[in-house]
Every structure is written in C-alpha cells, then in structure tokens.
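Those protein sequences? They're chains A and B, same order as listed.
The UniProt record's numbering puts the first residue of the first sequence at 1, with every later residue one more than the last.
The UniProt record's numbering puts the first residue of the second sequence at 1, with every later residue one more than the last.
Each residue gets a CB set at the ideal place from its N, CA and C atoms; glycine is no exception.
These figures come from a predicted structure and were not determined experimentally.
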Amino acid sequence: MLKIHQLQKSYPIGDSSLHVLKGIDLNVEEGEMVAIMGSSGSGKSTLLNIIGMLDEADSGEYILDGLPIKDLTEKKAAVYRNKFLGFIFQSFNLINYKNAIENVALPLYYQGLKRKERQELAMFHLEKVGLANWAKHLPKELSGGQKQRVAIARALAANPKLLLADEPTGALDTKTSYEIMAFIQQLNDEGKTILMVTHEEDIANMCKRIVRLRDGVIMEDKKVNQVRAEQYV
Amino acid sequence: MFKFLFDRDTWQEVYDSFSKNKLRSILTMVGVWWGILLLIGLLGSARGLENSFNRLFGSFATNSVFVWGQSTSKPFKGFQEGRRVRLSLTDAKKIEENVEGIEFVLPRSQNQASVVRGFLSGSFQMAGDYPLLDELQKKKLIRGRFINQNDIDDNKKVAVLSEDVYKQLFEKDENPIGEYIQVNKINFKVIGMFESGNVNMGPSTDIHIPFTTFQQIYNRGDRIGWMMITGKPEYNIKQIEEDAKLLLKNLNKIHPKDQRAFGSFNLGKEFSKVTGFLTGMQFLTWFVGIATLIAGVFAIGNILLITVKERTKEIGVRRALGATPYEIKRQIVVEAVFLTLVAGVLGIISGGWILIALDAAFGQGADAAIVNASVSIGVVFIALLILVVLGTLIGLIPAFKATSIKPIEALREE
C-alpha cells in the first residue's frame, strides 16, 4: 500500500538548515491503522505531510499503491491528493461559510462530479457519520465533535485509499475524542487504511501499530493490541 | 472554460465568497463604480457642452469673416489720413473674383429704422439682404419664407420679421403674412417671420428686406455697410481675411500697412478657439476618467490581494482536497472579473442617471448650457472591455500569489 525508503527532509533556517527527517523507512499494508508518535520536533507531522503530498521530500523513495510519488507538479499532486488521500486535521479546517453538506461535497466538486451526484454522495457520507440532520448547518453551529465528524465525512467522500489524520482528537475533550476514535476504528474495520499522527498514548493504543519517531529517525515500530474505543463511550 | 462559466457551482462559489465578505466586496466595487461613473459623467457633460456650442454655431457658416470700412490711419497716394473708407458692391465682386478659396461674398447694408403699423410703432435694426444670407446664417422661419431672387430683381417692398418685431407690432395670434408695415413712410408687405432668441453670431437683425430695395430707399447706390466673406472649408480663413483686406486697400487707395482702415471680425478664428477648448476639455475628461478607472481597478486588485491573504488557509484546505492551482486561479479571476463587471455596469447605469439629472437641470430650453449630454454606446462598451481586461489582469496577481505557496504553508497559516 505504502512504501517509504530512506526519506530525508530538511528545512532551511536562516543560514543553516534543520534536518527534520533523517532517513525514514516505513511500509504500511492495506487495512492497517498506524499511529505515528513522537514529541514535538520529532518530524512526525513532516512525515505525514510528505505522505499527504502537501510537502516534498528532499530525497528517498515514496511509493503509494504501486505509484512512485516524485517530481510532482502541483497539478498532479492535486489530482493524486483528490484521488488517493483523505485528510483529517486537528483544527477540522472546514470552510466556515459553507454548510456541512457543501463541505463534504467539496472534494467531489474537484473530482468533477455532477451536482446531483455530489449531493447524494455527500448526504450518504453525512448519514454515515450520523449528521444527516445537520446537513444545512454552518460549522459555527456545530460542536467540536460534530465538526470533526463532518471533516471525516469530507475525507471519506472521495473514497480515498488512505486516510491521513493529523492529531484528529487534539482539539477535543476526552469523551468526544473516544467517540471519534470509535468511529475511525469502525472505518478501519471496514477496510480503510489509516495513518494518524498523535502524541496521546491512549489514542495511539487504539490503533493497531505504533511508530515512534525521535529526532527524525524511527525509534520503535511495533504492533499493539488494539484498545476498542467503544467501551469508553 | 465555457462549461465552467455556465456552471451553477462556479457562481455558487462566487456568491458564497461575496456573502462572506460583504463589506469588503462592496468597498471594492465602489472604487470601480466611482471610476466609471466619473468617466461617463464627464464624457457626457463634455459632449453636452460640445452640443450646446454646436447648436450656437450650427446655424452659421463658421469659416467666415466680417469686414467693414473705418477711417484710414496713414496718408497714401495724395490722400490724407482720417479719410472715411466705404465699401462698395464692386469691392465685394472683386474679392469674390480674385481672392483664393472664397466660397461666398455677401454684401449687407444695415440701418436703424422706425417702423409703424397702425397705432403701434418701434425702432428696429433693418438690413438689406440677399437670399444667400439664409444659407450662411440659417433663419428658423416660423411662418412664410425668406427673401428670394425675384424680390431682389424687382426691388420688391417685402419684409421678413423677427418674432420680437411681430410681438411689438401685431396682436397675439394674428397672422402677419400679407399684412403691411410702414418703414420711412413706405409700405412693406410681410412675407415671413423667423424665430428670435436663437443666439446667433454676428450682428442681429430684426427686419430683413431685399438688398436692392434697401439700396434704393436709402439712396445707397453702390455703397454697402459691410460684407461677410465665407471661405471654402479647406481654406484658412485667416489667410483669406488678409488677402481680402490687401485687395480692398489696393482698390480703395489705402496704404498697405494701414491697420485701421478696415474693421473685421473673424468668426473662424473665434470658433477655432472654442473648438480648441472643447478638444482640450475632452482630452482632460478622458484622462481623468481613465485614470480614475485604473485607480478603481487597482483598488480591486489590492483588495483581492488582501482577500487571498486572508483566505490562504481556505485555499490550502481546498488544495488538500484536490483543487489544482488552475482551479484556484480560475475561481479568483472569475471573482475579480465579476466584481469589476458588476461595479462597471452599476457605474454605467448611475452615470446615465447623472446625465439624465444634468439634462433635467441644465439641458432644457433654447439657451441651455448642456445639450443632449450623452455618451455613445461604443464608448460604454470600450470602457467595459477595458474594465474586464484590467479586472482579469489584476485578478491574476493574487491568483498567482495564492498558488505560489506550498499547500502545507497555506494550511499552517492562522
């Protein structure tokens, strides 16, 4: 599904440069649910951004579903993002002047689907996250948990191969976090591959595999017994 | 692209981003609206002024000079200075034959005449004229006709009156045609009446009678009061004036350098001063209007730049969801063009209202300062076209800026 080999990335800071990723090797199989952990500055977000094609690596290989990702033009990257990836952000990143269903339908718009199909698909995914009744509400009228569920519905709308979550529970209280995690686990049960950045142990333990980063290298990569989130809800 | 322009979603996006930023959008549009309003208002007013000048001069052959005799200021060929100079029909004929570029030479004689009709009387300017006068200085005839060649040939005692004379000598609603008026105890039959109050260049006349009749009753013989010389359009009237004066000096034995022997009024020269002023004003109008327009378009660009900066994160999100840079740019440009276009059309409409108001305030009546203040539809379309082109170009700047940063940097923006 995902193959990364000797991935390197550094950021220029003034005259010197900060070496953020110092050769990462990572393989993720289909249906996995991986938590990427590490303290701040360990490079976990940078890794996720490179996987999400929002950022480019300096060197190394990145193969997504058999497709080598390199020398991307912005246009190509946009098409790949749209086709292969679904994003879930810590701060939800919903467009605040569009209502829930319009937000969910946005990736479908960029896929070039007809309006009616978009509406139907978006509604289907909103139902899936249990927010069908909130379709016409603006983000500011929704709670944090609801916003994140709309964001998940949006990430699912384009039926991506890989779901990328950057601290999906970072802005939520514990109870809501578990609700969201229960939902993400359910998606994984249905076969979605999920990659998640987090720095909370309990959240990481709800995944099936934990990859720990420190100073730009992988310290530890282990499979864990998944803690089901439903029991806390 | 066409599919995109007619897509409901495109306009939904435009509408959304406007309803989100109402104040800013309106402020932006005010810039362009004001620019095009000024352009239309100024152009229309300039046109109105031009029209009103044209109306003043329109009934008149503007390539003309009036010449009359005064007194000599230099002794010449045995004559002392201070000799009275009188023009004659022969002079007029010689000028017509010898000066290059002459279209007409029209001799006229003029006198103050006391006119009596029954118990009513008045003192009016009376002139002896040829039918040609009606062509050079168009009379607006209300009733009857002007003098014709028959009247000249037969020294007929007929008169053409101005409306003013009619008002003083006739009862209201009375038909003056065929009635008689007395001038110097001689009866004249009224054959026509023209509208007065129409501001005409040159000396105004209340009563016109046939030239030959005038010469006869005042015993003028060959002598004429003054003459009106009209040049062909392609000739310079100043040159004609000089040539004619030189010839007249020659014929009347006057020193060639005598500046005061003939008086003259060069209508062509005065007219070109006015038209020069009008041209200058039009240039100024265009300059100010277009400069304002450009300022307005730059205001739009500026605001869009701020908008794009504020929406950096949104643009980042859209790109994460799969929007290509082209789609982002296209959306921004469409917003820019739409803004300029709507503001421009509103400006054109309100500019039209201003012209209507100007017309209502200053455009009524015969001596209106502004006549038919208007802009041609072509100018309006060109202005709109300029707006759209500039709007597109100016929209491209923020569009490129929006897509030049990496999506991850856009997403980090708070």
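Under the Cβ distance rule, THR307(B) does not count among the residues neighbouring chain A, no pair being separated by less than 8 Å.
The beta carbon of ARG143(B) lies closer than 6 Å to those of ILE177, MET193 in the same chain, with the five residues before and after it left out.
For the set MET219(A), VAL197(A), VAL227(A), GLU117(A), the Cα lying nearest the Cα of ALA182(A) is the one of VAL227(A).
In the displayed model, VAL227(A) falls within coil according to three-state DSSP, outside both helix and strand. For the region 279-310 of chain B, not one full-length alpha helix (DSSP H) segment reaches 4 residues or more. If one requires a minimum length of 3 residues, the beta strand (DSSP E) runs lying completely within the region 122-198 of chain A are 162-166, 193-197, in chain order.
Residues of chain B with a Cβ closer than 8 Å to the Cβ of PHE87(A) are, in chain order, ALA320, LEU321. By the Cβ test, the region 80-88 of chain A is in contact with the region 156-172 of chain A, since at least three Cβ pairs between them sit closer than 8 Å.
When Cβ-Cβ separations below 8 Å define contact, GLU314(B) makes contact with chain A.
Put simply, the region 63-82 of chain B touches the region 249-258 of chain B. At least three CB pairs are less than 8 Å apart. For ALA113(B), there is no enclosing alpha helix (DSSP H); the residue is part of the beta strand (DSSP E) that begins and ends at 102-117. The way I'd put it, the region 36-44 of chain A doesn't touch the region 135-144 of chain A; fewer than three beta-carbon pairs between them come closer than 8 Å. Within the same chain, ARG209 come within 6 Å of LYS223(A) by CB-CB distance, once the 5 residues on both sides are set aside. Taking the CA atoms as reference points, ILE408(B) sits about 24 Å from ILE203(A). Linking ASN51(B) to LEU42(B) through their CA atoms gives a straight-line distance of about 14 Å. Not a single CB atom of chain B sits nearer than 8 Å to the CB of PRO68(A). Two segments are said to touch when three or more pairs of C-beta atoms, one from each, lie closer than 8 Å; by this definition the region 162-182 of chain B touches the region 114-130 of chain B.
The DSSP-derived three-state label of ALA383(B) is helix. Minimum Cα-Cα distance from PHE298(B) among the listed residues LEU23(B), ILE394(B), PHE211(B), LEU341(B) corresponds to ILE394(B).
The alpha-carbon separation between PHE214(B) and GLY352(B) amounts to approximately 53 Å. Judged by their CB atoms, SER64(B) and MET228(B) are nearer to each other than the 8 Å cut-off.
The three-state reading of DSSP puts PRO325(B) in helix, counting H, G and I together. Taking GLN70(B) as the centre and dropping the five residues before and after it, the same chain places the C-beta of VAL85, ARG260, ALA261, PHE262, GLY263 closer than 7 Å to its C-beta, in chain order. Take ILE26(B), set aside five residues on each side of it, and no residue of its chain has a beta-carbon closer than 8 Å to its own. Per DSSP, GLY69(B) is one residue of the beta strand (DSSP E) stretching across 64-69. Excluding the 5 residues flanking it on each side, TYR232(A) has same chain C-beta neighbours closer than 6 Å at TYR178, in chain order.
With distances taken between CA atoms, ASP243(B) lies nearest to GLY101(B) out of GLY101(B), GLY48(B), LYS156(B). Here the alpha carbons of PHE283(B) and ILE13(A) stand approximately 55 Å from one another.
Cβ proximity to chain B below 9 Å picks out ASN96, TYR97, LYS98, GLU102, LEU106, PRO107, TYR109, TYR110, GLN111 from the region 96-113 of chain A. Assigned with DSSP and collapsed to three states, PHE89(A) falls in coil, not helix or strand. The residues PHE92, LEU94, PRO139, in chain order, have a CB closer than 8 Å to that of LYS147(A) in the same chain once the five nearest residues on each side in sequence are set aside.
Less than 8 Å divides the Cβ of GLY391(B) from the Cβ of VAL337(B).
With a threshold of 8 Å between beta carbons, LYS223(A) makes no contact with chain B. Pairing VAL79(A) with ALA165(A), the inter-Cα distance amounts to about 19 Å. The alpha-carbon of THR62(B) is positioned some 32 Å away from that of PHE188(B).
Per DSSP, the beta bridge partners of VAL183(B) are VAL115(B), ILE186(B).
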